[in-house]
Amino acid sequence: AQSVTQPDIHITVSEGASLELRCNYSYGATPYLFWYVQSPGQGLQLLLKYFSGDTLVQGIKGFEAEFKRSQSSFNLRKPSVHWSDAAEYFCAVGANTGNQFYFGTGTSLTVIP
Amino acid sequence: GAVVSQHPSWVICKSGTSVKIECRSLDFQATTMFWYRQFPKQSLMLMATSNEGSKATYEQGVEKDKFLINHASLTLSTLTVTSAHPEDSSFYICSAPRQGAYEQYFGPGTRLTVT
Chain A
1 AQSVTQPDIH ITVSEGASLE LRCNYSYGAT PYLFWYVQSP GQGLQLLLKY FSGDTLVQGI
61 KGFEAEFKRS QSSFNLRKPS VHWSDAAEYF CAVGANTGNQ FYFGTGTSLT VIP
Chain B
1001 GAVVSQHPSW VICKSGTSVK IECRSLDFQA TTMFWYRQFP KQSLMLMATS NEGSKATYEQ
1061 GVEKDKFLIN HASLTLSTLT VTSAHPEDSS FYICSAPRQG AYEQYFGPGT RLTVT
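Chains as they are written, first to last, in our numbering: chain A, 1 to 113; chain B, 1001 to 1115.
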């Protein structure tokens, strides 16, 4: 069965520092991988996605993620965090087209000045 | 880009009443839509899959008689919380895939508070 694990429930970083949010997935075939960000009381905003091809994908707001099949990981990175990046981040895996997504438990990011 | 809307964005209702939440795909047709529930500080949990023209498929543990889903057209799915109780208070989010696409498009969510 498909599953997604985000090992870090909460991360605190200083503004301007680099960030890496971890995501591990379990899926029998090539997964379709996504990172979403959610601000309090808001819906989900897609940061980036991986379907195939180049394993390093660029997203919005300066985020990038790298797909590593050997490690079943899809970690999210940002070289320099801004205070506005404070939010909840969800990793998700999708199966075939039109099928449901499976979400990780989320990582809450706090940015300190 | 594809847009999914939800209405209302927030609703307060009294215990024992029913409330309907709409999910619309504005610029594409969706034969399938998904309904998620999110409790505070938690992840999204799939409740059910809404199928146009047929019955919804509910996840284990979700009461189908309590959470009524109707996929009336290729652009509209509704979730009705019947006889709502305070424990049903949550953030409800719908999503829809564009046909043939891997990506899901999420609605902005509906905050339900049952008093």
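Idealized CB from N, CA, C, for every residue including glycine.
Check the C-beta distance from residue i over to residue j and give it rounded, since I have them as a contact under 8 Å.
i	j	result
A/Y127	A/L44	Nothing can be reported for residue 127 of chain A, as the shown portion of chain A is limited to 1 through 113.
B/S1029	B/Q1099	The sequence given here places Gln at residue 1029 of chain B; Ser does not occur at that position. With a Cβ gap of about 7 Å, B/Q1029 and B/Q1099 count as contacting.
B/R1024	B/V1004	7 Å
A/Q126	A/V93	It is not possible to answer for residue 126 of chain A, since the shown part of chain A is limited to 1 through 113.
B/A1130	B/V1062	There is simply no residue 1130 of chain B to check, as chain B begins at 1001 and stops at 1115 in what is shown.
B/K1020	B/T1078	6 Å
Which residue marks the beginning of the beta strand (DSSP E) containing residue i, and which one marks its end?
i	result
B/F1106	1104-1106
A/Y27	From DSSP, A/Y27 is part of no beta strand (DSSP E); its letter is neither H nor E.
B/A1072	1067-1073
B/K1064	That residue, B/K1064, is in no beta strand (DSSP E); it is neither H nor E in DSSP.
From residue i to residue j, what distance separates their C-alpha atoms?
i	j	result
B/S1090	A/D54	38 Å
A/S39	A/V57	22 Å
A/S18	B/M1033	37 Å
B/E1059	A/P113	43 Å
B/H1085	A/N99	30 Å
A/E15	A/G59	20 Å
A/D85	A/E64	14 Å
A/G41	A/I11	20 Å
A/V13	A/E20	10 Å
Consult DSSP for residue i and reduce its assignment to one of helix, strand or coil.
i	result
B/R1098	coil
B/Q1038	strand
B/G1109	coil
A/E15	coil
A/E20	strand
B/E1087	helix
Q. Counting only runs that start and end within the region 37-91 of chain A, where is the beta strand (DSSP E) found for 3 or more residues in a row?
A. 44-50, 56-58, 64-68, 73-78
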